[in-house]
Amino acid sequence: MNVLFLTMVKINSLTDRGIYTDLLRKFHEEGHHVFAVCPVERREKKKTTVRKEKEGTILNVQTLNLQKTNIVEKGLGTLAIEYQFLSAIKKYFYEVKFDLVVYSTPPITFYKVIRFIKKRDQAYSYLLLKDIFPQNAVDMKMLKENGALHKIFLKKEKKLYAISDTIGCMSDANKTYILNHNPQIASEKVEINPNTVEPISFIQTASEKNAVREKYNLPTDKKIFVYGGNLGKPQGIDFLLETITALVSENVFFLIVGSGTEYIRIDKWFNENNPKNALLLAGLPKQDYDSLLNACDVGLIFLHKDFTIPNFPSRLLSYLEMKMPIIAATDANTDIGTVIQENNCGHWVISGDIQEMKKAIVDLISDETVCNEMKENAWNLLDKNYKVERSYNLIKDKIHV
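Its first residue numbered 1, the sequence shown is counted upward by one per residue in UniProt numbering.
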């Protein structure tokens with residue numbers, strides 16, 4: 001069948017590793033034809049282009065800046081993207097009849113694109129719910145509750161849910177939240193379809209790990225706790241910095257690697273405080289990042305304490321893939337900490353509780369047996385629940401072609 005995938009995440013190549021590209025490759029491997037539509041942002045100064053690869057076709061649509069930009073351009077870009085995508089699809093994919101259209105949030109503004117494809121091709125529509133917007137923006141005080149923009153986005157959110165034949169949620173808490181806050185949605189059209197990957201086993205010898213550490217000026221004689229990924233307001237970065245300060249006397253080193261709207265503020269904090277137990281690195285290419293991650297010991301997840309929606313960060317999978325114990329410092333509404341604790345692959349603390357955070361960290365640096373057990377449990381959790389076959393089968397089984 002012909003599969004159309006819509007996303008706000010830029011796809012450079014379908015051979016890249018990631019939750020979306022892994023899924024699209026799985027569709028290709030099973031004999032389906034893949035067409036991915038994604039943005040090329042204004043800052044890149046590139047026009048709309050189509051590129052064909054062995055795994056499928058990528059349509060990069062010129063848009064405004066959508067990531068790592070100010071709230072005004074992000075808002076305008078989010079509103080404009082459905083018109084830009086729709087125009088590009090009509091121009092470049094006018095001869096293709098799609099059997100399935102898959103799309104992820106953010107954004108919530110693909111309604112007109114989906115409506116067009118469903119009406120023209122009688123395609124099945126599947127939403128991968130990765131973000132609950134606009135409530136997340138309200139939680140972060142980026143949108144005024146019941147303000148004009150909030151009301152506009154609420155209408156678009158409900159229209160997107162309504163036009164979706166199935167809504168795949170990342171976790172049980174996600175599913176419960178959506179059904180509780182959207183009573184108009186039939187429960188049978190909502191299911192658990194988590195973030196999934198095509199896992200790779202990473203093997204490094206002790207000397208290879210030390211070489212990687214030395215390359216990035218990391219200590220070879222301390223446990224390295226790594227936070228990798230987006231550095232934005234939703235991550236509650238203040239508690240990460242508080243954790244670094246509170247653990248300065250312990251035999252532990254913190255590595256922050258990533259990019260985002262809070263990077264400059266974090267960099268300023270590092271320059272002012274000059275912590276001896278931490279290092280900040282800008283985002284790295286995926287291959288380099290994986291190599292660096294594999295040379296670390298414990299993965300860190302941070303979420304802002306004010307969230308009322310249950311986020312489930314995909315960086316969990318990177319840590320599980322590296323067989324790393326995890327400490328998640330989050331709000332009380334997400335169930336990512338519950339998953340980590342129930343599968344005995346790490347600890348969960350409420351963001352802001354520095355005493356519990358210190359206790360969790362000391363536990364992982366003082367008991368090697370526990371740490372090793374959690375490493376194996378981490379890989380087992382990934383293998384059991386988060387392999388790409390799960391997402392593929394859930395979606396594929398909905399289609400009758």
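Backbone N, C-alpha and C define an ideal beta-carbon position, used for all residues, glycine too.
message: For the structure I just gave you, are there three or more beta carbon pairs, one from the region 43 to 61 and one from the region 12 to 29, closer than 8 Å?
response: yes
- prompt: Helix, strand or coil for Asn-12 per DSSP?
  reply: coil
- prompt: According to DSSP, is Leu-241 helix, strand or coil?
  reply: helix
query: At what residues does the beta strand (DSSP E) containing Arg-43 begin and finish?
result: Careful: Arg-43 lies outside any beta strand (DSSP E) and carries neither H nor E.
- request: Pick out whichever of Lys-91, Asn-193, Ala-246 and Val-96 has its Cα sitting closest to the Cα of Ile-19.
  value: The residue with the shortest Cα to Cα distance from Ile-19 is Asn-193.
- request: Indicate the three-state DSSP secondary structure (helix, strand or coil) for Lys-26 in the structure shown.
  value: helix
task: Quick one: grab the DSSP three-state call for Thr-334.
output: coil
- request: Run the CB neighbour count on Tyr-83, radius 10 Å, all protein chains shown included, and call it buried at 16 or more, exposed below.
  value: Exposed: under 16 other Cβ atoms inside 10 Å.
query: Hey, would you say Ser-171 sits closer than 8 Å to Leu-179, going by beta carbons?
result: no
- prompt: For the candidate residues Glu-53, Lys-52, Lys-112 and Lys-91, whose alpha-carbon lies nearest to that of Ile-81?
  reply: Checked all of Glu-53, Lys-52, Lys-112 and Lys-91; the closest Cα to Ile-81 is Lys-112.
query: Taking the alpha helix (DSSP H) that Phe-270 falls in, what are its first and last residues?
result: 263 to 273
message: With distance defined between alpha-carbon atoms, name the residue in Asn-70, Ala-162 and Lys-91 nearest to Thr-109.
response: Ala-162
task: Less than 8 Å between the CB atoms is what I'm expecting for Leu-284 and Val-197, so what's the real figure, rounded?
output: The pair is not a contact, with the Cβ atoms about 18 Å apart (cut-off 8 Å).
- prompt: Can you give the Cα-Cα distance for His-304 and Thr-220, rounded to whole angstroms?
  reply: 31 Å
message: Applying the 10 Å Cβ sphere with the 16-neighbour rule, what's the burial state of Phe-225?
response: With 16 or more other Cβ atoms inside 10 Å of its own Cβ, Phe-225 counts as buried.
query: Between which two residues does the alpha helix (DSSP H) harbouring Cys-169 extend?
result: Cys-169 -> not in any alpha helix (DSSP H); beta strand (DSSP E) instead, spanning 166 to 169.
task: Using three-state DSSP, classify Phe-35 as helix, strand or coil.
output: strand
- prompt: Excluding sequence positions up to five away, which residues of its chain have a Cβ less than 6 Å from the Cβ of Leu-281?
  reply: Counting only Cβ-Cβ distances below 6 Å, and skipping sequence neighbours, we find Val-257.
message: Quick check on the DSSP output: what are the complete alpha helix (DSSP H) runs of length 4 or more inside the region 295 to 333, in order along the chain?
response: With a minimum length of 4 residues, the continuous alpha helix (DSSP H) runs that stay inside the region 295 to 333 are 315 to 321.
Short Cβ contact (8 Å threshold) for Phe-133 with Pro-106: yes
task: Starting from Ile-152, trace the alpha helix (DSSP H) both ways and give me its first and last residue.
output: 148 to 163
Simplified DSSP state of Gln-62, which is helix, strand or coil: Looking at Gln-62 - three-state DSSP - the assignment turns out to be strand.
- prompt: Thinking just about the alpha-carbon of each residue, which of Asn-136, Thr-166 and Gly-168 is nearest to the one in Leu-154?
  reply: Asn-136
- request: Drop a sphere of 10 angstroms on the beta-carbon of Gln-235, count the other beta-carbons inside from all chains shown, and report buried for 16 or more, exposed for fewer.
  value: Looking at its Cβ environment, which holds 16 or more other Cβ atoms inside 10 Å, Gln-235 is buried.
message: What would DSSP say about Arg-213, mapped onto helix, strand or coil?
response: helix
- request: Starting from Val-102, follow the beta strand (DSSP E) in both directions and report where the run begins and ends.
  value: That run of the beta strand (DSSP E) goes 100 to 105.
field: Alpha carbon of Lys-384 to alpha carbon of Gly-77, nearest angstrom
entry: 38 Å
field: Beta-carbon separation (whole angstroms), Lys-223 vs Val-298, contact threshold 8 Å
entry: 7 Å
- request: Provide the residue span of the alpha helix (DSSP H) that contains Val-370, from first to last.
  value: 368 to 385
field: Span of the alpha helix (DSSP H), counted from its first residue to its last, around Tyr-177
entry: 172 to 181
message: Using 8 Å as the threshold, is the C-beta distance between Leu-240 and Tyr-263 below it?
response: The Cβ atoms of Leu-240 and Tyr-263 lie no closer than 8 Å to each other.
message: Taking only three categories from DSSP, how would you classify Leu-247?
response: coil
query: What's the gap between the Cα of Glu-64 and the Cα of Arg-43?
result: Checking the sequence, you will find Leu at residue 64 rather than Glu. Roughly 8 Å separates the two Cα atoms.
message: Under 8 Å, with one C-beta from each stretch per pair, do the region 349 to 356 and the region 372 to 384 reach the 3-pair mark?
response: The region 349 to 356 is not in contact with the region 372 to 384.
task: Please classify Arg-120: does DSSP put it in a helix, a strand, or coil?
output: Reduced to three states, the DSSP call for Arg-120 is helix.
field: Cα-Cα separation between Lys-189 and Lys-175, rounded to whole angstroms
entry: 11 Å
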